[in-house]
Amino acid sequence: MTSNPVLFSKVYCRVEKAAKNGQLHVTDDRRRTSLVLKRRSRQSSTSRESHCIMGPAKKPAMAGVNSKAEREADLVMGTNNSSIVSKRSVEMLYYSKPHFFRYFVKKPQRRSPLINRGYWLRMHAMAETVRKFMREPSDKPKFVLNLGCGFDPLPYMLLSADNDLCRDTTFVDIDYEKLMVNKKTAIRKTDEITQLLEDVEFLPDDSAVQIRSKPYLAIGCDLKNLTKLDTVLRAEVLPSECAVLFLAEVSLTYMDVKSANAVVSWASGLSNDAQFCILEQFFPDGPDHPFASTMMKHFKKLGAPLYSIHEYPSLNEQEQRFKDAGWNHAHARSLWDLWSDDEFVDGSLRASLDAIEPFDEWEEFALFGSHYFLLHASTRPRVSETATRTLTGLDPQTDKSGHFRLLAKCPPGSGQRRFGAVIPDSDKAVGHHSGLGRQTRLSSTELYTKSEGTTKTHEFPPGDIPARMCHTVTCLSNQDCLLVGGRASPASGFKDCWVRQGNQWRSTQSLPVPRFRHSAVKVTLDSEYVLVYGGKTSDGTTLNTWLAWSSKKQDWQQVETNSIHIKARFGACLGSINDTSGVLFGGIGAEGTILGDFFTWKLHQRSDGSLFMELTDHTDDLRRTSSLFNQIHRFGATVNQTAWGLVIVGGIVPRGIITHDKEIMLLDSTELTKCIASGWPSNHTIISALGLGNRLDGPRPLLVGHVSCAIDSKEILILGGGAVCFSFGTYWTEGTWLLQDVSSTTENDWTLIPESVEPNKSQSEKATSKPSAQSQNEPYRAAEVITPIPRVCVQNPAQFQDILAEGRPVIIEGSDVGPCTELWTKEYLTSAVGGDRKIVVHEAQSAHMSFQTKNFSYATKTFGTFMDEVYAGDRQYLRSISAEQPTKLPANLAVDFPSLSHDFRLPESLSIVTGNTHSSPLRISGPVTLWLHYDVMANVLCQIRGEKRLILFPPSDVQYLQVPPGASSSTINIFQSNGSVASIPHTSPQEAVLKRGDILFIPPLWLHTASPTGDVSVAVNVFFRNLSKGYAAGRDVYGNRDLQAYEKARNDIQKMAKSFDGLPSEMARFYLLRLAQELKDKAEK
């Protein structure tokens, strides 16, 4: 079967329906998927999932009828459906028309840039292999046999785009009988495909050959039934003399090893001119590598295990597997290796991909590509044997791991942050600023300290500096520092710069253009400078300029360079050797590959104050003298100057993966300087490997997206990092990691200090309210018990009337709210609403919006701009208001967005809501949490796209939730910064997780707060009157004015309190407390 979609896709079509049947459950966290199969039902997953792709199967299986083998086959077939959804996403963006996946994927979904690029590379690898086969001169007819083809339309794509090249080639698709019957049904209905198939004939379902035409055949056969397959091919398809190419894209690995090997052996004997192309997963650095372990946990949870990877984990073992099966020669390469090969993907093609969609997930792309291989085998006589792959070993001179140790302190969930920057503080404290958190970019700074009770001595960046990632912070003298650039999305870079001087942060001169993934280092001439090189800017341009910021003049100046040629790059390694010179190496160039050069630099200052950079290319010198030279060609690594030399931590390397014994490298800058001075004769080691030291007492770290700093000359502190492991899940490098000399007697005492959590209060409240039982200097405990809100089906108005009378929230599932759940993509909404339409949105300063402290602003912008920004991860939130009279009329979706009115509808069973509607605002939310509040009117929240998590409290809990008198919003952040739900004493929280199509009924006065769980959330809220009288008189645009009786009673309370004026204060207090008790008694009756 083509690829393991289950494995790769983020969200699949119609999952709600499958989940309701108890067979499939999908969760989506920001562009990442966890898919859990629950075998409570034995109904065919293929029948169910094929409905998503191309209509119901002709003969759906019945529960309990299928054999174990058939059920396993169904699970494997089910992987195909998800795979082609991802490939359809690639086709829509990256391929010119005509498109062919569209006929097998009825409900397309745009995948994340990482998923798109990964699948693009897979598709390119398979297509290029076939094209190369077809270009080979031969007097024999050629056949391309796709083993486990699924719904992949590769033959039709090639016939359409390269018809002349395909003239002497016949394509043969082979897969399970059931799947091929479905594929035949779809093709028969598609003129765009049948027109490509000359003399096409559709044969009966019980025929082995399902489709026959001159250029294409489709065969239904289980690959384990080789006797049948061999008979059909020899009798009905293949002539006695022919050239055959077998394709197997992530299909044989789902078979048990014995059966898969039988296919490999059988294929070698089908023709004396046979080739085999297989694409599968492997372990480039063992199953314990963080990416590999995350991938395998995903498969285990999925219930679709991979078999071959355990028997043949390495490329050498895969090659030997084919040689043992009768293939004369075999050669395997990782997809990341192929990506870097100009003959396989030329530089202009690689560069052109960035123009289609912004991309900056390089580390994650490399990790994915390094765990997939493409193997080519042939039965042709050996012309020349491919050299056996040798592992780069370490000799005693280059292996320094025994001299170092890496100490881990990893409390679960601690320090989950990537692509941030270190803020210097003292030798006992540092900050980890901004970067990417679990759901969005962060503007906060985490404090790490070496000893208990230590606090920061210098100010961290203020919260009004926009959240960013891929920026730099460079330390100057006296703990001053300069923050430079960074980005929001890859298409939205920052050029602002901020300096901390005298313990005060302020903005300084901006960069000429936005810049991120640049490199920065301190130099000292007449004063201190921050030297910046390379990076990318918002339009995707890779930069090749040097800039220097003067601490004296507080401005930037361009740095001239000598005439030596140096390629533009981003994510490079820039390090200092002394105050005015250093090294530059690595980084990714404009054509999307990691560069393998090495330069030294020296900064000079002319008499007029201008700066001049002297660059020297030492690439050949270092390659000649160091066996580990290729191991420092890195992207995204960190570099620190120490007493040992320059310590290079993590990142990615070209063509392969960084193995555990080379994770950390050491460049002896003293020896390097001597070599340069003496013309390079050297008997000493310049580059050596520290690996992960000789003692790793924690889980293996994934050293990408991390930060590091030299605590002193002989200790390196590493914080954060991790990666989204394609669609398998996210791996976080948590806690703190301390690299030190093995002789050191100190332990790793570095710890994240939890951010102080004080319930937000207005100044007047602070002056008058009593302290909470919860210490205001400590975060709330995480709630241990949260009651899930029940899910129900409502089929008629009477059932909903019963729910209304019960007065408790429920999630109504399985209702029809119209085509909006499928239509309302970013592109559709922008087109339907109008990209130029002006709207007002909330722009949040942090992940938690507070109505009391107003840590957000109202911004007027075009709908198109808002959609671009919110889908790029910005903290924004739209709650629509009346388009014509926002201060007078409540929101009405049909009136305010007439172009959307036909897409959304409430089901007939909720006619009570429809008949008593007050308002119907559209809500579109990025990664922000809405404050805890209550609404006076009942409402139904209809989840259209994305997912949303809500915590609700019954009305009786209001007394414990810090809702000021006369207000409807609480001052408590229920969703805490560490992702937990705050445990508020004496309350009874309930939880709802809404998925597409769910409707949450929220009764009046139930306090609630909401947070999206992944991608952008789109919902429609319908407020309705469930009381015949009692609402506040006058205008109520938002439907949250308290009842008239409450507003009147509050006035009465003021009168009561005033009636005690003139009495001694203790006497007045005595009677007011008695009245308060009397009111409480009445409330509890």
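Be aware that the sequence shown starts at 1, since it is given in UniProt numbering, and climbs by one per residue.
Beta carbons are placed, not taken as given, at the ideal position from N, Cα and C, and that holds for glycine.
Values in this document were obtained by computation on a predicted structure and should not be read as measured data.
Neighbourhood of residue i by C-beta distance below 6 Å, restricted to the same chain and skipping five residues each side
i: L692; result: L406, H660 and E663
i: K409; result: G735, T736 and N748
i: L158; result: C166
i: V958; result: none
i: R905; result: G818
i: P466; result: none
i: Q275; result: L245 and S378
Cβ neighbour criterion (16 or more within 10 Å) applied to residue i
i: E843; result: buried
i: N748; result: buried
i: K10; result: With a pLDDT of 29 at K10, under the threshold of 50, the modelled position of that residue is not reliable, and the figure given next carries that caveat. K10 is buried by the Cβ-count criterion.
i: L547; result: buried
i: E361; result: buried
i: C793; result: exposed
i: I951; result: buried
i: F1070; result: exposed
i: G589; result: buried
i: Y877; result: buried
i: M849; result: buried
i: G485; result: buried
i: M285; result: It is Asp, not Met, that sits at residue 285 in the sequence shown. Counting Cβ neighbours within 10 Å, D285 comes out buried, since at least 16 surround it.
Which listed residue (the options) has its alpha carbon closest to that of residue i
i: S434; options: D427, V422 and G1062; result: V422
i: M469; options: L906, A872, S1017 and A982; result: A872
i: D256; options: I309, R234 and G220; result: I309
i: L315; options: L302, R879, P290 and A377; result: A377
i: A805; options: D836, G413, G402 and F1001; result: F1001
Spatial neighbours of residue i in its chain, beta-carbon cut-off 8 Å, leaving aside the 5 residues before and after
i: S920; result: A891, N892, L893, A894, V1020, N1021, V1022 and F1023
i: S682; result: T625, E671, K674 and C675
i: R996; result: E16, T821, Q943, I944, R945, G946 and E947
i: E91; result: H99, F100, F101 and R102
i: D712; result: D427
Those residues which DSSP pairs with residue i across a bridge
i: V993; result: R949
i: T860; result: V840
i: F728; result: Looking at the DSSP assignment, F728 forms no beta bridge with any residue, so it has no partner.
i: H433; result: A421 and T445
i: V639; result: I648
i: Y533; result: S519 and W546
Neighbourhood of residue i by C-beta, 7 Å cutoff - its chain only, sequence neighbours within 5 removed
i: F202; result: K184, R188 and I211
i: F344; result: E128 and L338
i: S510; result: K495, D496 and C497
i: G592; result: R350 and A351
i: Y156; result: F100, I193 and L196
i: F1060; result: A1068, Y1071 and L1072
Where the beta strand (DSSP E) containing residue i begins and where it ends
i: C481; result: C481 to V484
i: R506; result: Q504 to T508
i: F599; result: F598 to Q605
i: R500; result: C497 to Q501
i: S581; result: S581 to F585
i: K409; result: F404 to K409
i: A377; result: Y372 to S378
i: A689; result: I687 to A689
i: A1010; result: L1007 to P1012
Residue i: first and last residue of the uninterrupted alpha helix (DSSP H) it sits in
i: F246; result: Segment A243 to E249 is the beta strand (DSSP E) holding F246; no alpha helix (DSSP H) there.
i: Q320; result: L315 to D324
i: P113; result: P113 to R135
i: S348; result: G347 to L353
i: E280; result: Per DSSP, E280 belongs to no alpha helix (DSSP H); it is in the beta strand (DSSP E), A274 to Q281.
i: K142; result: No alpha helix (DSSP H) contains K142, which is instead part of the beta strand (DSSP E) from K142 to L147.
i: C675; result: S669 to S678
i: V263; result: V257 to S268
i: T227; result: L226 to E236
Test: residue i CB closer than 9 Å to a CB of chain B
i: Q1044; result: Among the protein chains of the structure shown there is no chain B, as only one such chain exists.
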